[in-house]
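Structure, as structure tokens:
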Amino acid sequence: MRILMVSAEAAPFAKTGGLADAVSALSIALNKLGHDVRIVIPRYYKINRDKLTKLEGPMGVYCGYSEEWTAVYTTTMPGTKDLPVYFIDHENCYGRDGVYGTPFDPDFQDNPYRFSLLCHGAFQLCRKLGWYPDIIHAHDWSAALAPVLLRFNERHGEFAHTKSVFTIHNLGYQGWYSKHNYPVLGLDWQHYYSSGFEDYDQINFLKAGLISSDVLTTVSPTYAQEIQSAENGFRMDGILRQRSGDLFGILNGVDMDVWNPSKDKYIEKTFSTRSMAGKAANKKALQERMGLEVNPDIPVVGIVTRLADQKGVAELFAPTYGCAYRMCTDMKLQLVVLGSGERWCEDELRVLSSNLPNLRAYIGYDESLSHLIEAGSDFFLMPSRYEPCGLNQMYSLLYGTLPIVHRTGGLADTVQNYNEQTGEGNGFVLNHLTPSSIYDTVGWAMYAYYNKKDHIKAMQKRAMQSNFGWDVSANKYLEIYEMIQKRF
Ligand code: ADP
Ligand code: GLC
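Here it is, written out as structure tokens:
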């Protein structure tokens, strides 16, 4: 099957969160199953052109007002022999820092134009290559225009049999802009309402994707249910209920070549269920690197996250409200935080780490430290307000780092609560997100660490044996691709 992935992010080239990991890992898994998968993303400024190959000739992309001239670069996805990644190069749109924005300007005002160029560019790329996909698979709001264009502008000629899949990685980010941007989408005004773009007299990319795509998927079964309710539907629950027959929840997998304690290149020492000594070496390395007391007996609780409200950071770190300060003063633990995002939270973390000897925060983005935290911590704290899938709790499980999570979305699908009587479970789960429930659940985990050592050991082992390989999920996507081929 020929599948074109359209996305704003793909690891290892451009990543702000799990979207990048999910798009690349799914593509690699489909490639391994023998399918012709290709990925198209923008050539952001930070992606070094010298390491890529330029396709011959410029590529004209009509997008709304004008025809833009772009160049296309390509390379092969690492870890595969024949999975091409294409990069659309356009100085005006992508020749700057940031995928969607920068810390000072989190949402570039010309994003409608930048991502319109990506989606129109995807179709032009196929023409340029003389390669026409069976499936256009678009990810999140920034790629949502692609299925819309397929439905209203392109479903003829070579694309007559192409079908679209739209995956919701996060319903909280919708791409909501003034309707003055509508002309750059290259859609006729007659489709303003029918495409789904119109939203309270503005344009909403995600909503258009939800209405115009042939099939919708999201990244865990529980999240697929949750988004059909007013509480978690971000105003889209009505549309999602209406399309519930076309909406599938498929749990993300983990790229086991990258996140695997027995061969992780970033960590101090590899380890596995058969030899756990490496885990202790990683704990020591982590304590040293973060400037904490080096002591194997103090439990380390790790956090790696975007510092965004979605992740429960207010309940953890907000001044006077969050529980982190109390947790670090009342409990014998060490808290290690790696994250970047909202300015108030970055500032607060700096204050907390200068006041508390057992809290250390690294503000920024650091791939190798994120691996060391997974490997060297005893627990991983992820009290997300909502979580479409969440990758870090799965990485944690595979590294024998027991997750402490809020029962929501993909966290509910992957973490089973500890049972003190039987020792069953693979983590600690809180039912309602409040500062005191985080405090209590972390306290409970600490109690188990100090008093139920056998249970903790057994849970770690069980966690490390989890199967999160992408092959199962990739096959579910294939079933969907095949189903829509037949259906229309
Ligand atoms: P989301 O995509 O909502 O941010 P996920 O759990 O799906 O949440 O994925 C987050 C991904 O981003 C993980 O691979 C995690 O390791 C990575 N990540 C997040 N923040 C950082 C950071 N500051 N440094 C390094 N990696 C990070
Ligand atoms: C989003 C979600 C996260 C999910 C990731 C990959 O960023 O917030 O839960 O794991 O996409 O699908």
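Add 1 to a position in the sequence shown, counting from 1, and you land on the number used in this note's numbering. Cβ coordinates follow ideal geometry from the N, Cα and C atoms, glycine included.
Gly410 and Gly426 look like a contact to me (Cβ under 8 Å); what is the Cβ gap, rounded to whole Å?
Within the sequence shown, numbered from 1, the residue matching residue 410 stands at position 409. Within the sequence shown, numbered from 1, the residue matching residue 426 stands at position 425. Not a contact, Cβ separation roughly 18 Å.
Residue interval of the beta strand (DSSP E) (run including Ala72):
What you label residue 72 is simply residue 71 of the sequence shown in a count that begins at 1. Start and end: Ser67 to Thr77.
If Arg408 and Asn432 are in contact, beta carbons under 8 Å, what's the gap, nearest whole angstrom?
For this step, residue 408 is matched to residue 407 along the sequence shown. For this step, residue 432 is matched to residue 431 along the sequence shown. Contact flag correct, Cβ pair sits at about 5 Å.
Residue range of the alpha helix (DSSP H) that Lys264 falls in?
By 1-based counting over the sequence shown, the position of residue 264 is 263. Segment: none, Lys264 is in no alpha helix (DSSP H) and carries neither H nor E.
How about Asp310: is its Cβ closer than 6 Å to a heavy atom in the ligand ADP?
Reading the sequence shown from its first residue, position 309 is the one you call residue 310. No, Cβ of Asp310 sits at least 6 Å from all heavy atoms of the ligand ADP.
Quick check: the Cα distance between Asp348 and Met277, rounded to an integer number of angstroms?
Position 347 of the sequence shown, counting from 1, holds the residue named residue 348. Position 276 of the sequence shown, counting from 1, holds the residue named residue 277. Asp348 and Met277 have their C-alpha atoms some 37 Å from each other.
State the Cα-Cα distance for the pair Pro13 and Gly187, rounded to the nearest angstrom.
Within the sequence shown, numbered from 1, the residue matching residue 13 stands at position 12. Within the sequence shown, numbered from 1, the residue matching residue 187 stands at position 186. Each residue's alpha carbon lies about 31 Å from the other.
Between the stretch 209 to 217 and the stretch 161 to 175, do at least 3 Cβ pairs fall closer than 8 Å?
Touching, per the Cβ criterion.
Do we get a CB-CB distance below 7 Å when we pair Ala459 with the residues of chain C?
The chain labelled as chain C is not found in the depicted structure, where only one protein chain is given.
Using DSSP with H/G/I as helix, E/B as strand and the rest coil, what is Lys164?
Working through the sequence shown from its first residue, we reach residue 164 at position 163. Per DSSP, reduced to three states, the secondary structure at Lys164 is strand.
Contacts around Arg1, its chain only, beta-carbon distance under 6 Å, and the 5 residues preceding and following it disregarded:
The question about residue 1 has no answer here: the residues shown for the chain are numbered 2 through 489.
Can you give me the start and stop residues for the beta strand (DSSP E) that Ser341 sits inside?
Position 340 of the sequence shown holds residue 341. Counting along the chain, the beta strand (DSSP E) containing Ser341 begins and ends at Gln335 to Gly342.
Regarding Arg3 and the ligand ADP, is the C-beta to nearest heavy atom distance less than 6 Å?
Along the sequence shown, read from residue 1 onward, the residue named residue 3 stands at position 2. Relative to the ligand ADP, Arg3 has its C-beta separated by 6 Å or more from all heavy atoms.
Quick check on DSSP: helix, strand or coil for Cys329?
Walking along the sequence shown from the start, residue 329 turns up at place 328. Note: Cys329 maps to helix in three-state DSSP.
List the DSSP bridge partners of Ala281.
Here residue 281 refers to the residue found at position 280 of the sequence shown. In DSSP, Ala281 forms no bridge with anything.
What separation, rounded to the nearest whole angstrom, lies between the Cα atoms of Ala123 and Val41?
As a working note, residue 123 is residue 122 in the sequence shown. As a working note, residue 41 is residue 40 in the sequence shown. Near 7 Å, if we compare the C-alpha coordinates of Val41 and Ala123.
Please state whether DSSP places Met237 in a helix, a strand or coil.
The count along the sequence shown starts at 1 and reaches residue 237 at position 236. If DSSP states are grouped into helix, strand and coil, Met237 belongs with coil.
Considering just the uninterrupted stretch of the beta strand (DSSP E) at Val301, what are its terminal residues?
As a first step, residue 301 must be located in the sequence shown, where it is residue number 300. Taken as a continuous stretch (DSSP letters only), the beta strand (DSSP E) holding Val301 covers Val301 to Leu308.
What is the rounded straight-line gap between the Cα of Leu350 and the Cα of Leu317?
On the sequence shown, position 349 is the one that residue 350 refers to. On the sequence shown, position 316 is the one that residue 317 refers to. So the alpha carbons of these two residues sit roughly 10 Å apart.
Following the continuous beta strand (DSSP E) through Ile42, name the residue where it begins and the one where it ends.
Residue 42 sits at position 41 when you count from the first residue of the sequence shown. Judged by DSSP secondary structure, Ile42 falls within the beta strand (DSSP E) whose first and last residues are Asp37 to Pro43.
Nonlocal neighbours in the same chain, by C-beta distance under 7 Å from Ile299, ignoring five residues either side
Walking along the sequence shown from the start, residue 299 turns up at place 298. So the qualifying residues of the chain are Lys333, Leu334 and Gln335.
Check whether the Cβ atoms of Gly254 and Gly470 lie closer than 7 Å to each other.
For the purposes of this step, residue 254 is taken as residue 253 along the sequence shown, with counting starting at 1. For the purposes of this step, residue 470 is taken as residue 469 along the sequence shown, with counting starting at 1. In this structure, Gly470 lies closer than 7 Å to Gly254 by Cβ.
Please work out which residues of its chain come closer than 6 Å, Cβ to Cβ, to Ala282, disregarding the five sequence neighbours upstream and downstream, and give them in chain order.
Here residue 282 is taken as the residue at index 281 of the sequence shown, counted from 1. These residues qualify, in order along the chain: Glu269 and Lys270.
Do you know offhand how far Pro262's Cα is from Pro184's?
Locating residue 262 in the sequence shown gives position 261, counting from the first residue. Locating residue 184 in the sequence shown gives position 183, counting from the first residue. Taking the straight line joining both Cα atoms gives about 49 Å.
Residue closest to Asn171, alpha-carbon to alpha-carbon, out of Ala21, Val295 and Tyr482
For this step, residue 171 is matched to residue 170 along the sequence shown. Of Ala21, Val295 and Tyr482, the residue nearest in Cα terms is Ala21.
If we count Cβ pairs, one from each stretch, closer than 8 Å, do we get three or more for the stretch 94 to 106 versus the stretch 40 to 58?
Short answer: they touch.
Do Gln125 and Val38 have their C-beta atoms within less than 7 Å of each other?
Taking the first residue of the sequence shown as position 1, residue 125 is located at position 124. Taking the first residue of the sequence shown as position 1, residue 38 is located at position 37. By the CB criterion at 7 Å, Gln125 and Val38 fall outside the cutoff.
Which two residues bound the contiguous alpha helix (DSSP H) that contains Phe153?
Taking the sequence shown and counting its residues from 1, one reaches residue 153 at position 152. It is not in any alpha helix (DSSP H) - Phe153 carries neither H nor E in the DSSP assignment.
Does the ligand ADP have a heavy atom nearer than 6 Å to the CB of Asn233?
Numbered from its first residue, the sequence shown carries residue 233 at position 232. Result no, Cβ not under 6 Å from the ligand ADP.
Continuous alpha helix (DSSP H) assignments of at least 4 residues falling wholly in the stretch 350 to 434:
Whole alpha helix (DSSP H) segments, 4+ residues: 368 to 377, 393 to 399 and 410 to 415.
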